[in-house]
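Using my numbering, you'd call the opening residue of the sequence shown number 13 and step up by one each time. Following: one structure in structure tokens, then a few remarks.
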Amino acid sequence: MGLLTSKLGGLVPSEARNGNFQVPPTIVVSDTDSSASEHQGSRTELRRSSVYSTIDLVPQLEHYDISLPNRQMRSRPSLEVLRSSYGQSEGDVEVPDKELGAVSAQDITQEGSAVKEKEPIRFGWVTGVMIRCMLNIWGVILFLRLSWITSRAGILLTWLIVAMSVLVTSITALSISAIATNGKVISGGAYFMISRSLGPEIGGPIGAVFSFANALACALNTVGFAEVVRDLMQEFDVVMVDAINDVRIVGVITVTVLLFVSLAGMEWESKAQYLFFITLLVSFANYLVGTVIPPKVEKQAQGIFGYSGDIFVENLTPDWRGTNFFQMFAIFFPSAIGILSGANISGDLKDPATAIPKGTLMAIFGTTVSYIVIPVTVGACVLRDASGNISDMMTGNNTDDCVGLGCAHGWNFTKCIQLENCEYGLNTNTKVLGQLSGFYYLITAGVFAASLSSALGFLVSAPKVFQCLCRDNIYPYIGFFAKGYGKNEEPLRAYLLCYLIAVAFILIAELNTIAALISNFFLCSYSLINFSCFYASTTNSPGWRPAFHYYSKWTALFGAVISVVLMFLFTWWAALITFTIIFLLFGYVNFKKPTVNWGSSVQAGTYNMALSYSVWLSGVEDHVKNFRPQCLVMTGPPNQRPALVDFVGSFTKHISLMICGDIIMEQDKHARPHDATDMLVKWMNKRKVRSFYSPFTADSIRVGARHLLQASGLGKLKPNTLVLGFKANWRESSPESIDDYINTIYDTFDANYCLCILRMMDGLDVSEQLDSEVNQAFELDESAENEQHKSPETESGEHIVSLHITALFFALYYCLRLAPSPLAAPADDLSDGGDDVQNKTVFQNDQGKKTIDVYWIADDGGLTLLVPYLLTRRKRWHRSKIRVFILGDEQNQEEGRKEMIALLKKFRLDCSNVTVITDSERSPNPKNLCRFVESVAPFRLHSEPHEGDSVNETKQSAPWKISDKEFEAFRLKSESKVRLNEIIRRNSQHAALVLVSLPVPHRDCTSALFMAWMDTLTCGLHCPVVLIRGNQQNVLTFYCQ
């Protein structure tokens, strides 16, 4: 096969034929400099193409590995590139570098030189996980407390304690193995696993608590080591200050030395762990050998008699002496907290997915054997109580006054047993393993190795976990500790922080308090790890595909529950402290909502719940009591009409469905930024609007709205109400635009949908302030209310609430947000509205004690009353009173008012302010009527008696024209609209919101005339006006069933 060197980004196929078989061509990307290609550091990439096309590549690992650095990442060619290649010669297709992941010659040279550098240290499953976990599980409790626990709980119950601990840790290890093999695990250990499974809300608190717990565990083991050193010094009569201060001094010196070992790098730290591991194995062997060596008289005086059946039987059962089972369990359990030590350094492992399961499970098995062997061997060789005095040896066979099992072995320990001051034996002597062993100081070396290895392991784990937490930017002010140094990205700053925390608790020197907190912190982590595995398994997410199959979601759930139970059984106050810290940290993350997306199982669970409930809801019949106004809001880009978004959000948030529809003209879709949808969704989230955003490409607003009405929603979660902005510039608009707008209203009624039309006197559209392009076909509202069309009453009494005060800052913020992105043009600004500034609308203000005036002119089923009621349930509107205006005659005015009040009470609506309008049939003011006639004059089609044929022809070519016949036929309806507007302006000048029943347009009514009616009904008011109409079906009822 010949190889042809291509220029940067070029594609040169290399073909070979063998009979009828054609080898797929290979794409070669290499240095343009031939000498550089011969250099050891240069890199030549062979990229095999498929049989379909020379640029259509076969599957490759680099296409899926998102953890690679940017200069090493590769992306497959886009569909646009693949489609464009079929229309021309494939060799002539210019493919951008980023499409095929080509790298520059400079990058290749730099990468080649980087190969010379020494690779970061990576560990296998033995060194990185098994040995590390075993050393952390073999702690000071093994040597200093296990024999004492055996004396109190007995051999059998000690085995039960060990078995229960192993059960919890084994289940957790299985869960860790499943999570660790469900994808690539980087640094961060348990925090990384939990946060990527349950999201930042749970992962963040656990990361902080788990890091702190590891720092405390380092302090605990250091203090344990310091106490052994102090006791050893006292044996040689060496005292520096006093007992407590000696522990502090030795502890601080020890943790400082461990810090320097850690700072030296993982290579030195691993060598130290090897030394500790060998020391522990020698110490165990020394102990087992000592159990079979016949004891001398000195050892017998200390209660050590070698293997004896009666001693074994005596120590099988418990002798609590003021303690209980769970106290012993709580003391022992911290020895099992080391199972996460290997997972905590997952970033330093060669293959975490293989090393973590294998190493962790093998470590649990090995340490479990030791924890089972030691209780039975020490319980078969040592008495519970012994004096240590050689003079207590019995010289005769008289055992009448002798008490205890020592009598059968020729020793009388009766005095110390009765006085409860025996200094030796399992019950009081914590050094019994050393005394039983072959060489005492080898056990002391084992204690040193166990405590120091555990302290060193936790000192390394805590900074690694905390560094990963800091890099995720979940909490403020901790990014300083995220920086890594060297080829292993060592968290030196986090090391120093962990060191300071450890020193602080070493100076306190309260082991019992530290141990209680540590147990609860680790149990909380175990609980969440198991719950993560259980929850991920129950979501049935296609992304949950762990390579480790030996787990069960039910055992994981059991492990989660038993861990929480043990937290409270061990130390209830420490459990409360732990959960309080977790909830506080959880509340902060939940409030801040960090912008991270890790594909957590919570997302998968939410999808499952939404899907299940949607399917279930589809089988439920609709009922009037459960009616909710589910709104399709034709906002266009939502950030350009914030008032329309805020109005609908005011009565749908946490109540019903809201969809923001954006109809994009065919000619404008190519100019739309590719990430416009994401930016608009971010804008709504920042504004705390609970709404979906649905863009749709169409030739006109009518076609787009019709399709959105039919296709939006899912099952019963479908819109039943269309919300539009009022077309305030209708007089200047083209007749086709008006016809398109009115026909959308007609289509809404034909589809049996409810309808709301919002009019703001200063307009809805803020696109001019944003300096962005506007979809002209969807320009439903803007501040184009010409002064020549305003009434004298409006000019004198209207106080417009300006929404443009923050326009300059808003536009500036948009520019700043888009500045880092070269792909978005300022003219197409659709950014998320900013972190600090958003256009404020009247619907975001507290309305105080203003009124909501409802002109219930026509019975539409009750939607006209339901919407204002839902508004008053909001904090900003809850002090507003609803006033209802109905039509009636003067003779039956009071009777009509009482009937309406009775109906409202049956509807359980808190509204007793009802006004009956009795002068609606009066003639309107001539000036106002004249203004209405002038508004429709440009759309009139005047006819003369002798021009009948030409009028008909004009009407056919311009159906929006209003003929004299049509104008006369609808004259009374027009006058009633003018008169009703006069009544509204008279009564509602100071209202916060006005709702008016929208007249249903007659099929013979032209679009211009109906537009003029809506304009007349809503003009002259400073407050927002809503034209609203239900679909003539009940949305209110006063019946229970």
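Don't be surprised by glycine CBs; every beta carbon is placed ideally from N, CA and C. Values in this document were obtained by computation on a predicted structure and should not be read as measured data.
Indicate the three-state DSSP secondary structure (helix, strand or coil) for residue i in the structure shown.
i: residue 918; result: helix
i: residue 545; result: helix
i: residue 149; result: helix
i: residue 944; result: helix
i: residue 405; result: strand
i: residue 490; result: coil
i: residue 737; result: strand
i: residue 1048; result: coil
i: residue 720; result: helix
i: residue 610; result: coil
i: residue 102; result: In this prediction, residue 102 has a pLDDT of 48, which is less than 50 and means its spatial position is unreliable; nothing more can be read from the coordinates.
i: residue 423; result: strand
i: residue 1015; result: coil
i: residue 466; result: helix
In terms of alpha-carbon separation, which member of the options lies closest to residue i?
i: residue 441; options: 137, 720, 167, 314; result: 314
i: residue 492; options: 605, 508, 434; result: 508
i: residue 978; options: 947, 1008, 1017; result: 1017
i: residue 707; options: 686, 694, 674; result: 674
i: residue 226; options: 927, 295, 514; result: 514
i: residue 1048; options: 878, 949, 931; result: 878
i: residue 217; options: 480, 378, 144, 596; result: 596
i: residue 739; options: 686, 517, 749, 371; result: 749
i: residue 6; options: 174, 242, 1030, 255; result: In this structure the chain extends from 13 to 1053, so residue 6 is not present and cannot be described.
i: residue 346; options: 904, 182, 532, 65; result: 532
i: residue 603; options: 203, 1008, 214, 230; result: 214
i: residue 277; options: 497, 758, 1051, 186; result: 497
i: residue 886; options: 549, 232, 635, 665; result: 665
i: residue 321; options: 421, 654, 257; result: 421
i: residue 267; options: 1000, 467, 209; result: 467
i: residue 635; options: 728, 868, 704; result: 728
i: residue 975; options: 993, 395, 954, 987; result: 954
i: residue 255; options: 270, 238, 264, 609; result: 238
Run through the DSSP bridge pairs and tell me what residue i is partnered with.
i: residue 1035; result: DSSP output for residue 1035 lists no bridge partner at all.
i: residue 573; result: Paired residue(s): none; residue 573 is not in a bridge.
i: residue 706; result: 673
i: residue 502; result: 497
i: residue 897; result: 867, 927
i: residue 436; result: 398
i: residue 1041; result: 767
i: residue 1005; result: 864
i: residue 431; result: Beta-bridge pairing links residue 431 to no other residue.
i: residue 932; result: Partner(s): none; residue 932 has no beta bridge.
i: residue 135; result: 361
i: residue 952; result: 974
i: residue 726; result: 729
i: residue 695; result: Paired residues: none, contrary to the question.
Can you say whether residue i is buried or exposed, counting buried as having 16 or more other CB atoms within 10 angstroms of its CB?
i: residue 554; result: exposed
i: residue 556; result: buried
i: residue 249; result: exposed
i: residue 453; result: exposed
i: residue 734; result: buried
i: residue 623; result: exposed
i: residue 1050; result: exposed
i: residue 303; result: buried
i: residue 942; result: exposed
i: residue 831; result: Model confidence at residue 831 stands at a pLDDT of 33, short of 50, so the residue's coordinates are unreliable and nothing is read from them.
i: residue 924; result: exposed
i: residue 187; result: buried
i: residue 710; result: buried
i: residue 994; result: buried
i: residue 1041; result: buried
Ranges of the beta strand (DSSP E) found wholly within the region 629–669, counting only runs of at least 3: 643–646
Alpha helix (DSSP H) runs contained entirely in the region 294–369, provided each spans 4 or more residues: 309–313, 321–326, 337–344, 353–356
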